[in-house]
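Each residue of the sequence shown is one higher than the last, beginning at 3 in this note's numbering.
By construction, the Cβ of each residue, glycine as well, lies at the ideal position given by its N, Cα and C atoms.
Keep in mind it's a predicted model, so treat the numbers as computed, not measured.
Let me begin by presenting the structure, written as structure tokens, before commenting on it.
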Amino acid sequence: MPSLFPRPAVPRPAVVLELGRRWAVLLPMALMLASDYKLRSRPVDETVGGSPDLTVFLEIAVYGLAALYLYLRFGLRPPVRRTTGLLFAAWAFTGYVAMSALWSPFMSLGAVRGVQLMVTMALVQVLATRATVADLHRLAHAFVIVVLASIAIGVAHPFPRTPQTLTRFNWLYVHPVIAGVYLGIAVLLVFGLLIRSRVYGERARGWPPLVYAGVLLVLMGALVATGTRGAAAGAAAGLVVLMATSRGPRGRIDLVVLGGAVGAVGVLAFSDKIMGFVARGETADKLASLNSRTDLWTLAMRAYSEKPIFGHGLGASRGLFLQDIGLGGGHNAFINALVDNGTVGTALFVALLLTLGTVLLTLVRRRDLRGDAGTLLGILAFFLVDGITTEGLAMPANVSGIWLLLLVAWTEALRRGRYRTAETPETPGTARTTGTARTTDTGGTRIIVSVADAPTAAPQIESPTQHP
3 MPSLFPRPAV
13 PRPAVVLELG
23 RRWAVLLPMA
33 LMLASDYKLR
43 SRPVDETVGG
53 SPDLTVFLEI
63 AVYGLAALYL
73 YLRFGLRPPV
83 RRTTGLLFAA
93 WAFTGYVAMS
103 ALWSPFMSLG
113 AVRGVQLMVT
123 MALVQVLATR
133 ATVADLHRLA
143 HAFVIVVLAS
153 IAIGVAHPFP
163 RTPQTLTRFN
173 WLYVHPVIAG
183 VYLGIAVLLV
193 FGLLIRSRVY
203 GERARGWPPL
213 VYAGVLLVLM
223 GALVATGTRG
233 AAAGAAAGLV
243 VLMATSRGPR
253 GRIDLVVLGG
263 AVGAVGVLAF
273 SDKIMGFVAR
283 GETADKLASL
293 NSRTDLWTLA
303 MRAYSEKPIF
313 GHGLGASRGL
323 FLQDIGLGGG
333 HNAFINALVD
343 NGTVGTALFV
353 ALLLTLGTVL
363 LTLVRRRDLR
373 GDAGTLLGIL
383 AFFLVDGITT
393 EGLAMPANVS
403 GIWLLLLVAW
413 TEALRRGRYR
423 TAETPETPGT
433 ARTTGTARTT
443 DTGGTRIIVS
453 VADAPTAAPQ
463 IESPTQHP
């Protein structure tokens with residue numbers, strides 16, 4: 003279907019960018035891997051009350067080195083230009099969550115997580131104001147490569163598993179739920195890279211379409227093998243949103259035709275396997291309680307009623323329910339936010355999500371930004387669905403929380419539009435900045451090929467009847 007898998011009209015050029023921009027890929031990946039990838043497993047109670055071990059010190063060291071690099075490379079100074087509403091919402095939420103560690107019953111855990119959250123937000127601020135869309139495309143490809151390598155590790159050398167995860171695929175000591183989040187994000191990134199428009203906007207050197215298709219099949223197979231129902235449902239919802247937005251009106255037609263056909267075939271041919279995946283061998287009582295999540299949520303709402311305004315503090319939900327039910331965390335992003343951050347923090351969290359979604363819906367109307375904006379909307383939809391059964395979206399130092407903030411940075415990079423290459427045709431009426439080379443204050447050479455600071459033509463806003 004040419005509308006789904008378009009052929010580029012011109013050869014994809016190599017992107018002409020500043021030298022030494024590897025930080026935009028390495029730093030986010032380092033934070034995610036240090037937070038989630040472990041070579042040992044610890045009981046939940048030791049997470050909140052146990053002494054730190056070498057793995058914990060290594061995680062803290064990675065965040066510390068990232069903060070040191072940001073300071074040495076970019077310094078600490080107030081912003082020189084007015085911030086956007088989206089960045090303000092991100093800073094308001096992260097700042098309040100970090101501050102809530104001051105009244106947490108587990109202050110040591112809360113303080114560490116709060117500092118990690120502020121380091122992550124500082125990186126996102128730099129990405130949002132300095133990174134290009136090409137940088138973030140490289141980050142997406144690097145993330146997919148890491149996930150593929152993780153799948154290979156999980157297949158080649160399965161680590162010991164708990165009785166609850168004995169039949170579920172994972173790698174190292176990463177829980178299948180976390181592995182499902184990595185796989186779900188990777189599925190949406192690959193699908194978005196596969197179908198994004200190459201008529202306008204970034205035309206970075208990517209992989210051949212057949213490679214994207216093969217990688218997509220591997221990722222989807224691994225996602226199903228994890229047995230993570232929330233991530234699978236989130237990936238399905240994200241794919242629907244991605245197809246409905248990244249290709250405009252034509253994409254919605256493709257979604258109805260292709261989605262209806264695939265859905266019908268899936269229900270008729272694989273209904274038994276689908277029901278087996280949903281049931282996962284559990285009893286009716288366990289399915290009704292969503293693996294004891296409904297009982298946990300009852301306790302969580304009782305804890306919220308005790309401190310409804312400001313919450314119990316960052317990290318409190320990790321230990322409040324251990325004695326009563328043996329589970330740590332709220333196992334729901336919004337309930338977890340209510341317990342830890344109260345009504346104030348939850349309102350800031352919802353405001354961030356609504357602002358991000360609104361800005362992305364605005365960007366989808368621009369043909370040159372639609373491919374990336376639709377992909378980001380799909381990932382946001384994935385998080386909202388997956389957040390029904392996992393709390394990571396409202397917590398720092400995990401793949402969900404980090405990627406939520408990376409969506410903010412990516413969205414800001416799209417709004418700045420600093421991603422043209424030397425071979426990108428100019429839009430009529432747009433001033434062009436001539437590429438020059440000069441020495442930066444850090445001693446490196448910077449090649450400038452950008453129209454970011456030049457006057458631009460009015461955005462191309464489609465009418466409802468106009469097709470791409």
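Taking residue i as the reference, which of the options has the closest Cα?
i	options	result
GLN127	GLY315, PHE59, VAL410, ARG417	VAL410
TRP412	PRO54, LEU138, ILE197	LEU138
LEU316	SER43, TRP105, LEU78, GLY77	TRP105
ALA100	ALA318, TRP299, VAL189, ILE381	ALA318
TRP25	THR364, LEU141, ILE327, ARG368	LEU141
TYR71	THR134, PRO30, TRP299	PRO30
LEU386	ALA234, LEU119, VAL213	ALA234
GLY186	LEU407, ALA227, THR364, ALA124	ALA227
ARG249	LEU196, ARG23, VAL117, ALA237	LEU196
ARG231	ARG170, ALA246, SER102, ASP55	ARG170
GLY313	THR300, PHE323, VAL346	VAL346
LEU324	THR57, GLU48, VAL27	GLU48
SER307	ARG320, ASP342, GLY330	ASP342
PHE145	ARG42, GLY389, ALA238, VAL217	VAL217
LEU329	PRO45, LYS40, LEU41, VAL58	PRO45
GLN361	GLY87, PRO162, GLY331	A quick correction: the sequence has Val, not Gln, at residue 361. Of the candidates GLY87, PRO162, GLY331, the one whose C-alpha sits nearest the C-alpha of VAL361 is GLY87.
THR357	LEU89, ARG163, THR131	LEU89
ILE327	ASP297, GLY344, VAL58, ARG79	ASP297
GLY419	PRO162, THR131, LEU78	THR131
ALA181	ASP38, TYR73, LEU363	ASP38
TYR214	ARG79, VAL352, HIS143	HIS143
So what does DSSP say about residue i, is it helix, strand or coil?
i	result
ARG23	coil
THR164	coil
VAL114	helix
ASP55	coil
ALA133	coil
GLN105	Note that residue 105 corresponds to Trp in the displayed sequence, not to Gln. Residue state, collapsed to three classes: helix.
VAL121	helix
LEU316	coil
GLY77	coil
ILE44	A small correction: the amino acid at residue 44 is Arg; Ile does not occupy that position in the sequence shown. Three-state DSSP puts ARG44 in coil, outside helix and strand.
PRO30	helix
TRP299	helix
PHE323	coil
PHE95	helix
GLU425	The predicted position of GLU425 is uncertain, since its pLDDT is 36 and thus under 50; a value taken from the coordinates is nonetheless stated next. If DSSP states are grouped into helix, strand and coil, GLU425 belongs with coil.
ARG9	Because ARG9 carries a pLDDT of 47, less than 50, the predicted location of this residue cannot be relied on, and no value is offered for it.
VAL555	Lying before the first or after the last residue shown, residue 555 is absent from the chain, which here runs from 3 to 470.
THR169	coil
ILE197	helix
ASP38	helix
ILE311	coil
GLY156	helix
LEU190	helix
GLY229	coil
Go through its chain and collect everything with a Cβ distance to residue i's Cβ below 6 Å, but skip five positions before and after it.
i	result
ARG295	HIS333
VAL64	ALA32, ALA36
SER152	TRP173
LEU365	LEU371, ALA375, LEU416
ALA94	LEU350
LEU221	LEU185, ALA188, VAL189
THR167	PRO178
ALA133	ALA26, ALA415
MET120	ALA100
VAL149	TYR184, ALA188
ALA305	LEU322, VAL341
ALA239	ALA383, VAL387
GLY389	ALA335, LEU395
Kindly list the residues whose CB is nearer than 7 Å to the CB of residue i, restricted to its own chain and excluding five residues on each side of it in sequence; keep chain order.
i	result
GLY403	GLY394, LEU395, MET397
THR348	PHE336, ALA339, LEU340
THR122	LEU33, PRO398, ILE404, LEU407
PHE76	VAL128
ALA271	Per-residue confidence for ALA271 stands at a pLDDT of 45, beneath the threshold of 50, marking its modelled position as unreliable; no derived number is given.
Between residue i and the rest of its own chain, which residues show a CB-CB distance below 8 Å, the 5 nearest in sequence each way excluded?
i	result
MET303	ILE337, LEU340
LEU241	VAL189, LEU190, PHE193, GLY380
ALA92	MET123, VAL126, LEU354, LEU407, VAL410
Quick one: does the C-beta of residue i sit closer than 7 Å to a heavy atom of the ligand SAM?
i	result
HIS139	With respect to small molecules bound, the structure shown includes none, and the ligand SAM cannot be examined in it.
Write down every uninterrupted run of the alpha helix (DSSP H) in the segment 331 to 418 whose length is 4 residues or greater and which is fully enclosed by it, in chain order. For the segment 331 to 418, the full-length alpha helix (DSSP H) segments reaching 4 residues or more read 335 to 366, 372 to 388, 401 to 418 along the chain.
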